[in-house]
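Here is the structure we will look at, set down as structure tokens.
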Amino acid sequence: MNFELEPELVQMQTMVRDFAHDVVEPRAHEIETTNRVPDDLMRQAAELGLFGLSIPEAYGGVGLGMVGRCAVYEALGHAHMGFGGVISAHASIGTSGLVKLGTEEQKRRYLPRMATGELITGFAITEPSSGSDAANIKTKAVKHGDSFVLSGTKHYISNAPIAGLLTVIALTDAALGPRGMSAFLVEMNAPGVRVGKIDEKMGQKGALSAEVIFEECEVPAANLLGRENEGYKEALKILTNGRVGIAARASGAMEHLIELSTAHAKTREQFGRPIAEFQAVQFMLAEMAADLETSRALWQKVAWMVDEGADVQKMASIAKLHATEALSRVADKAVQIAGGMGYMKDYPVERWYRDQRLLRIYEGTSEIQKLIIARALLA
């Protein structure tokens, strides 16, 4: 087994990690206070190709496989998690459906602008009545001539306030239940689309989400993504692959927290010596390192399986479950090592402690991941 990345990929990973450390993190306070990712950071992200990671080169993207994308996501995990959330919501679940299922005309119309960040995207499946129960969506799409008319409400939709395009899952045949769902490419400036109030979240400032209301929104039949009534099946595949990216981002965040914690432990003195000399602190650092390395090994394996065309439903859930739960443990230890300072807003681990909590919820809660794993074992 060879876990070494190709030299070109190592170079890109290093470039993104340097960008995260040297450019994004120094702007963390600005992102926190304004709840926005500054436009100049978005432009620099576009110049690095971060918006086009999964988009083929033929459409202006970088065209990385899953191993490559996850390597970049891990590097991105070192940046402010709100910034990383904007990028991943676009480059992962916001983009992959169109890349995989889109017609040539759809790809040529949207992908080049998505690759440059001119057109930000998101994925809309969650509703007030359907979070973990994704099969219970109520938004309907009724065929009317050469169009579908969408009616319903989505909520907690990542990137909705800044998106120009959403992949929307809606019922096209209510009698079939989940087997009667379809996916649509919906332009946000279309009549009948309205973005509600921006969500006030505990963390991940700058990664905006909001309710999206569809009021008799007419969508051209040409914007049907994939086959009619196969949207739910494809949505689950999109979410499954997205979970690997979350595991990679969590690994990057762990590595960053370990760096902060070791630096603090070497310089913070108590009882006349650095706290790094105390076994209690050393044990915490060792446990943090073990959580990082196991999480990294998991995302690498699952990303490789995706590139090989394997069914990764169970393994993607294992990778996300382990990495996000591990990140919570690492973040908690980072606060503990920092002591009182770790609870203060002017010290970065306080922000990371808040930000990381969402990873155990979105794109499938830890409990949903356990159900998927258990059902695969019992099948």
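Note that UniProt numbering numbers the sequence shown so that position 187 is 187, with each residue one more than the last. Glycine included, each C-beta is placed from N, C-alpha and C at the ideal position.
Taking the alpha carbon of residue i as the point to measure from, which residue in the options has its own alpha carbon closest?
i	options	result
T33	L358, H322, R351, M114	R351
A141	G192, I373, G94	G192
A221	K197, I246, H256, L185	L185
T14	V67, E30, V72	V72
I162	L378, L150, M188	M188
R179	G231, A280, K107, M288	G231
R375	L358, K314, K345, R354	K314
D146	L224, A28, Q369, V86	L224
G252	S328, I31, T267, D173	S328
N136	E104, A174, I157	A174
A190	V281, M1, F214, R296	F214
S96	T267, P7, M66	M66
I361	G68, G49, M202, F148	M202
E104	K143, V86, I125, Y59	Y59
V330	D346, M341, Q356, I87	Q356
residue 384	R43, E6, R113, P7	The first residue shown for the chain is 1 and the last is 379, placing residue 384 beyond what the model contains.
G226	M181, L150, Q270, V195	M181
G309	L5, K100, M254	K100
M1	D311, M305, A326	M305
R296	M254, Q279, P274	M254
Y347	Q270, F19, E25	E25
E363	M341, L236, L371	L236
Distance, Cα to Cα, residue i vs residue j?
i	j	result
I55	L111	7 Å
A115	G339	43 Å
A134	E127	8 Å
A75	A45	13 Å
D332	E216	46 Å
F3	Q11	16 Å
E287	G242	27 Å
V335	A265	12 Å
A89	V23	20 Å
A207	P38	11 Å
H256	I337	14 Å
K197	I238	27 Å
G117	A276	43 Å
residue 395	Y353	Residue coverage of the chain in this structure runs from 1 to 379, which leaves residue 395 outside it and unanswerable.
L378	G245	26 Å
L176	E234	16 Å
V302	L260	28 Å
D307	R69	11 Å
V349	I31	16 Å
K107	Q282	52 Å
E228	L165	19 Å
S151	R194	11 Å
Q369	T172	28 Å
Provide the residue span of the beta strand (DSSP E) that contains residue i, from first to last.
i	result
V186	181-187
T153	147-158
G252	Segment 231-267 is the alpha helix (DSSP H) holding G252; no beta strand (DSSP E) there.
K140	140-144
L5	Run containing L5: none; DSSP gives neither H nor E here.
G340	G340 -> no beta strand (DSSP E), and no H or E assigned at all.
G196	193-198
A210	209-220
V168	165-171
Would you mind reading off the limits of the alpha helix (DSSP H) that contains residue i?
i	result
E287	279-307
S54	Unbroken run through S54: none, as it is neither H nor E.
A45	39-47
R357	Run containing R357: none; DSSP gives neither H nor E here.
A175	No alpha helix (DSSP H) contains A175, which DSSP labels as neither H nor E.
M344	Neither: M344 is in no alpha helix (DSSP H) and is coded neither H nor E.
H29	28-34
Y59	Neither: Y59 is in no alpha helix (DSSP H) and is coded neither H nor E.
Taking C-beta to C-beta, are residue i and residue j nearer than 9 Å?
i	j	result
residue 380	D199	As shown, the chain starts at 1 and ends at 379. That puts residue 380 outside it, with no answer to give.
T167	L98	yes
L64	L53	yes
A247	A319	yes
T153	V219	no
T324	L292	no
T294	H322	yes
Q204	G94	no
N129	K138	Here residue 129 is Ser; the residue named in the question, Asn, does not match the sequence. Against a cut-off of 9 Å, the Cβ pair of K138 and S129 comes out as a contact.
H29	H78	no
T240	S317	yes
A160	G122	yes
R27	H80	yes
A91	F148	no
L48	V16	yes
residue 384	R249	Here the chain comprises residues numbered 1 to 379, so residue 384 is not present and cannot be evaluated.
L298	I258	no
Would you say residue i lies against chain D (beta-carbon separation less than 9 Å)?
i	result
R69	No chain D appears in this structure, which consists of one protein chain only.
>> If we require 3 or more residues per run, which beta strand (DSSP E) segments fall completely within the region 101-140?
In response: 121-124
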